[in-house]
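K.L.:
Below is the structure I would like to discuss, written out as structure tokens.
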């Protein structure tokens, strides 16, 4: 069995140290930009995406340290999406993880540019990671670009914004969740698998694992937005409903949302039998995805 | 000698065809985003960056077609910087190349996301281009990431915004120009050299060539902003002064600006003798950089 809290804490510390080391120091020019980048990235958080990237590499028989830099890239790319999402022309949020959002703290232009710079830096990092045989050498960066691009995360954001205030629609909420949230988590698990030189069926299993827990993660977020308190969540609750956001809960209700999230976790775990490494950390991480309190 | 207008037109058509082919079609979801991306990219323009990328590859002894995809990536990355620069929280421009800017036509959120998607797509394209021996396989994408990042283009943008309305400062205008404009043009010429498998001295010559013409290009832009008409330029003129932008002309005056631009072009051309291929296209392109009317 896995001592999940200890495992998460050990890996989280590795991620924090890596981020702090690899982000440009605040003492290099342009100072305000580097300060804003570090403010947004080094704000805590669960670091689930890099932890999943490393765990996927390990489960596919690789050394998890080989997946650290790609995992850090996924994390700062995730941070850029949060900075841009929070901007006034998007969700217009003032608070994130209990602190002022980046544009409140550094101004809109610097927040926009800090997001752009983190997105760019994610590709600087991944382009330094050659994929092992039999993958093409640029495969790690390519997975990140596809997951984050117009037919990945950004596609989900566009449809999410467009859907606000419109009638609920089951197909559309599936599209939004699978693109806005699952695409990047799937990219993280695929990148980990590739760093291990996974076989095609192993890559496919980890890809589906990432997809399933990504969807379950977003459904859990939708549930927490209804059932949690601002103190627990570190941000306002109930704003999905106020903004008439298209959520899984709005379409299917709380009970059906819980059932679906559990079914996705079961499916994610079922595929792990194809992997050469210990499946327990990924199985525990899958369950944690929906049983967290924030 | 080179028939420059015919050369530019032939290469420009190749670039236009490549962009139209490789950009996501407007018939794929998310429709509005892909439409916005194509609207911003396929708006004409000189396509100097991809032409320089291909010409650098050829001058270093390579096949220019090998540098087409990296060149296209530089071009769409350049377009993303224009979209984000035009946003209300940045320069707040309504007009670009005689047409409404992307956020005027598609709304701020879609413009922000179209810029993000083009930046991401630039790395999807470059991560498909392996660098030849002796370069590490991810070197093409890495050059683009470094040129576009917080210590490249974005660094220049941050300092440019910060400098508005402040006293003129010769060091600062050099920093802004070398980062905001020259860094990406230098990345284009370096990527072309790398695609040709250039030797270190050849890479260095093309790197310095890109740096020099990038600086000259921006000084020429500063000059045109003072001396041109809106009809010639396709955008308002004199707005640098109105915004109290830090330009080379504001610091050094028109005459000294012209002298400096010419000296940079001479330096760029002088280094071309190290290259195995025909230096004439690059020499003509260098002169064109400062003798254009828009």
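Chains as they are written, first to last, in the numbering used here: chain R, -13 to 280; chain H, -13 to 280.
Just so you know, even glycine gets a beta-carbon here, dropped at the ideal spot from N, CA and C.
Any contact of the region 241 to 249 of chain H with the region 201 to 214 of chain H, i.e. 3+ C-beta pairs under 8 angstroms?
P.N.:
Counting Cβ pairs under 8 angstroms, three or more are found: they touch.
K.L.:
What span of residues does the alpha helix (DSSP H) with residue 71 of chain H cover, start to end?
P.N.:
Counting from one through the second chain, the residue named residue 71 of chain H turns up at place 85. Looking at the DSSP string, the run of the alpha helix (DSSP H) that includes residue 71 of chain H is 54 to 72.
K.L.:
Do the CB positions of residue 59 of chain R and residue 50 of chain R come within less than 8 angstroms of each other?
P.N.:
Residue 59 of chain R sits at position 73 when you count from the first residue of the first chain. Residue 50 of chain R sits at position 64 when you count from the first residue of the first chain. No, the pair does not count as a contact, with Cβ atoms beyond the cut-off.
K.L.:
Are residue 45 of chain R and residue 264 of chain R touching if we call contact CB-CB under 8 angstroms?
P.N.:
As a working mapping, residue 45 of chain R is identified with position 59 in the first chain. As a working mapping, residue 264 of chain R is identified with position 278 in the first chain. Yes, they are a contact pair.
K.L.:
Given this structure, state the Cα-to-Cα distance separating residue -9 of chain H from residue 87 of chain H, to the nearest angstrom.
P.N.:
For the purposes of this step, residue -9 of chain H is identified with residue 5 of the second chain, where counting begins at 1. For the purposes of this step, residue 87 of chain H is identified with residue 101 of the second chain, where counting begins at 1. Going by the C-alpha atoms only, they are around 28 angstroms apart.
K.L.:
Who are the neighbours of residue -1 of chain R on chain H, taking C-beta pairs under 7 angstroms?
P.N.:
Numbered from 1 along the first chain, position 13 holds the residue referred to as residue -1 of chain R. Under the 7 angstroms cutoff, chain H gives no residues; its nearest Cβ is about 25 angstroms from residue -1 of chain R.
K.L.:
Let me see if you follow: with CB-CB separation under 8 angstroms, is residue 159 of chain R close to chain H or not?
P.N.:
Residue 159 of chain R sits at position 173 when you count from the first residue of the first chain. No, its Cβ sits nowhere closer than 8 angstroms to a Cβ of chain H.
K.L.:
Quick check on residue 271 of chain H: buried or exposed, where buried means 16 or more other Cβ atoms within 10 Å of its Cβ?
P.N.:
For the purposes of this step, residue 271 of chain H is taken as the residue at position 285 of the second chain. Flag for residue 271 of chain H reads buried.
K.L.:
Taking residue 357 of chain H as the query, report the chain R residues whose CB atoms sit under 8 angstroms from its CB, ordered along the chain.
P.N.:
Any question about residue 357 of chain H goes unanswered here, given that chain H covers just -13 to 280.
K.L.:
So what's residue 81 of chain H in DSSP terms, helix, strand or just coil?
P.N.:
Taking the first residue of the second chain as position 1, residue 81 of chain H is located at position 95. Three-state DSSP puts residue 81 of chain H in a strand.
K.L.:
Residues of chain R with CB closer than 9 angstroms to the CB of residue 79 of chain H, please, in chain order.
P.N.:
On the second chain, residue 79 of chain H is found 93 positions in, with the first residue counted as 1. Those within 9 angstroms of residue 79 of chain H in chain R number zero; the least Cβ separation is about 14 angstroms.
K.L.:
Enumerate in chain order the residues of its own chain whose CB-to-CB distance from residue 154 of chain H is below 7 angstroms, with the five nearest sequence positions on each side excluded.
P.N.:
Within the second chain, the letter at position 168 stands for residue 154 of chain H. Hits under 7 angstroms: 232, 236 and 237.
K.L.:
In chain H, which residues lie with their C-beta within 7 angstroms of the C-beta of residue 109 of chain R?
P.N.:
Here residue 109 of chain R refers to the residue found at position 123 when the first chain is read from its first residue. Near residue 109 of chain R (Cβ distances below 7 angstroms), the residues of chain H are 109, 127 and 131.
K.L.:
So does the region 83 to 100 of chain R actually touch the region 55 to 69 of chain R, counting three or more Cβ pairs closer than 8 angstroms?
P.N.:
The answer is yes - the region 55 to 69 of chain R touches the region 83 to 100 of chain R, with three or more Cβ pairs under 8 angstroms.
K.L.:
Just list the beta strand (DSSP E) runs in the region 141 to 228 of chain R, keeping only unbroken ones of 3 residues or longer that don't cross its boundaries, in chain order.
P.N.:
The region 141 to 228 of chain R contains no whole beta strand (DSSP E) run of 3 or more residues.
K.L.:
With distances taken Cα to Cα, identify the nearest neighbour of residue 38 of chain H among H:73, H:24, H:-3 and H:29.
P.N.:
Numbered from 1 along the second chain, position 52 holds the residue referred to as residue 38 of chain H. Nearest option by C-alpha distance: H:-3.
K.L.:
Who are residue 86 of chain H's beta bridge partners in DSSP?
P.N.:
Numbered from its first residue, the second chain carries residue 86 of chain H at position 100. Bridge partners of residue 86 of chain H: H:81.
K.L.:
Closer than 9 angstroms by beta-carbon distance: list the chain R residues that pair up with residue 23 of chain H, in chain order.
P.N.:
Translated into the one-based positions of the second chain, residue 23 of chain H becomes position 37. The contacting residues are 136.
K.L.:
Which residues in chain H have a C-beta closer than 8 angstroms to the C-beta of residue 156 of chain R? List them in chain order.
P.N.:
Counting from one through the first chain, the residue named residue 156 of chain R turns up at place 170. The contacting residues do not exist; residue 156 of chain R stays about 16 angstroms from chain H at best.
K.L.:
Check whether the Cβ atoms of residue 260 of chain H and residue 268 of chain H sit closer than 8 angstroms, and answer yes or no.
P.N.:
Position 274 of the second chain holds residue 260 of chain H. Position 282 of the second chain holds residue 268 of chain H. For residue 260 of chain H and residue 268 of chain H, no; Cβs fall outside 8 angstroms.
K.L.:
Where do the ends of the alpha helix (DSSP H) carrying residue 7 of chain H lie?
P.N.:
Along the second chain, read from residue 1 onward, the residue named residue 7 of chain H stands at position 21. From DSSP, the alpha helix (DSSP H) with residue 7 of chain H extends over -10 to 8.
K.L.:
Should the region -1 to 12 of chain H be called in touch with the region 167 to 185 of chain H, which here means at least 3 C-beta pairs below 8 angstroms?
P.N.:
No: the two stretches stay apart, fewer than three of their Cβ pairs being nearer than 8 angstroms.
K.L.:
Compute the distance between the beta-carbons of residue 85 of chain H and residue 29 of chain H, then report whether it is under 8 angstroms.
P.N.:
For the purposes of this step, residue 85 of chain H is taken as the residue at position 99 of the second chain. For the purposes of this step, residue 29 of chain H is taken as the residue at position 43 of the second chain. It is a contact, given that the beta carbons lie within the stated cut-off.
K.L.:
Where residue 224 of chain R and residue 277 of chain R are concerned, what is the direct C-alpha to C-alpha distance, given to the nearest angstrom?
P.N.:
Stepping through the first chain from its first residue, residue 224 of chain R is reached at position 238. Stepping through the first chain from its first residue, residue 277 of chain R is reached at position 291. Cα to Cα, the separation comes out at about 19 angstroms.
K.L.:
With a threshold of 8 angstroms between beta-carbons, can residue 106 of chain R be considered close to chain A, or not?
P.N.:
Considering every chain present, this structure includes no chain A. Its protein chains are R and H.
K.L.:
Locate the alpha helix (DSSP H) running through residue 244 of chain R, then write down its first and last residues.
P.N.:
Within the first chain, the letter at position 258 stands for residue 244 of chain R. Note, residue 244 of chain R: alpha helix (DSSP H), 240 to 256.
K.L.:
Interface residues of chain R around residue 251 of chain H at Cβ under 9 angstroms?
P.N.:
Along the second chain, read from residue 1 onward, the residue named residue 251 of chain H stands at position 265. Chain R residues near residue 251 of chain H: none, gap ~28 angstroms exceeds 9 angstroms.
K.L.:
Does chain H have any CB closer than 8 angstroms to the CB of residue 204 of chain R?
P.N.:
As a first step, residue 204 of chain R is located in the first chain; it is residue number 218 there, counting from the start. For residue 204 of chain R, the answer is no, since every Cβ of chain H falls outside 8 angstroms of its Cβ.
K.L.:
Evaluate the contact criterion for the region 180 to 192 of chain H versus the region 106 to 126 of chain H: three or more CB pairs, one atom per stretch, below 8 angstroms.
P.N.:
The region 180 to 192 of chain H is in contact with the region 106 to 126 of chain H.
K.L.:
Taking Cβ positions only, does residue 147 of chain R come closer than 8 angstroms to chain H?
P.N.:
Looking up residue 147 of chain R in the first chain gives position 161. Yes, because at least one Cβ of chain H sits closer than 8 angstroms to the Cβ of residue 147 of chain R.
K.L.:
Is there a C-beta anywhere in chain R that falls below 8 angstroms from the one on residue 11 of chain H?
P.N.:
In the second chain, counting from the first residue as 1, residue 11 of chain H sits at position 25. No, residue 11 of chain H lies away from the interface with chain R (no Cβ there is under 8 angstroms from its Cβ).
K.L.:
In chain H, which residues lie less than 7 angstroms from residue 124 of chain R when you measure between Cβ atoms?
P.N.:
Residue mapping note: residue 124 of chain R aligns to position 138 of the first chain, counting from 1. Within 7 angstroms Cβ-Cβ: 113, 114, 116, 123, 124 and 127.
K.L.:
Quick one: what does DSSP say residue 40 of chain H is sitting in, helix, strand or coil?
P.N.:
Against the second chain, residue 40 of chain H aligns to sequence position 54. If DSSP states are grouped into helix, strand and coil, residue 40 of chain H belongs with the helices.
K.L.:
For chain H, find out if any of its Cβ atoms is closer than 8 angstroms to the Cβ of residue 235 of chain R; answer yes or no.
P.N.:
As a working mapping, residue 235 of chain R is identified with position 249 in the first chain. False, the Cβ-Cβ gap to chain H never drops below 8 angstroms.
K.L.:
With DSSP run on the structure shown, which of helix, strand or coil describes residue 232 of chain H?
P.N.:
In the second chain, residue 232 of chain H corresponds to position 246, counting from 1. If DSSP states are grouped into helix, strand and coil, residue 232 of chain H belongs with coil.
K.L.:
From residue 251 of chain R to residue 273 of chain R, what does the alpha carbon distance come to, in whole angstroms?
P.N.:
If you number the first chain from 1, residue 251 of chain R lands on position 265. If you number the first chain from 1, residue 273 of chain R lands on position 287. If you take the alpha carbons of residue 251 of chain R and residue 273 of chain R, they lie about 6 angstroms apart.
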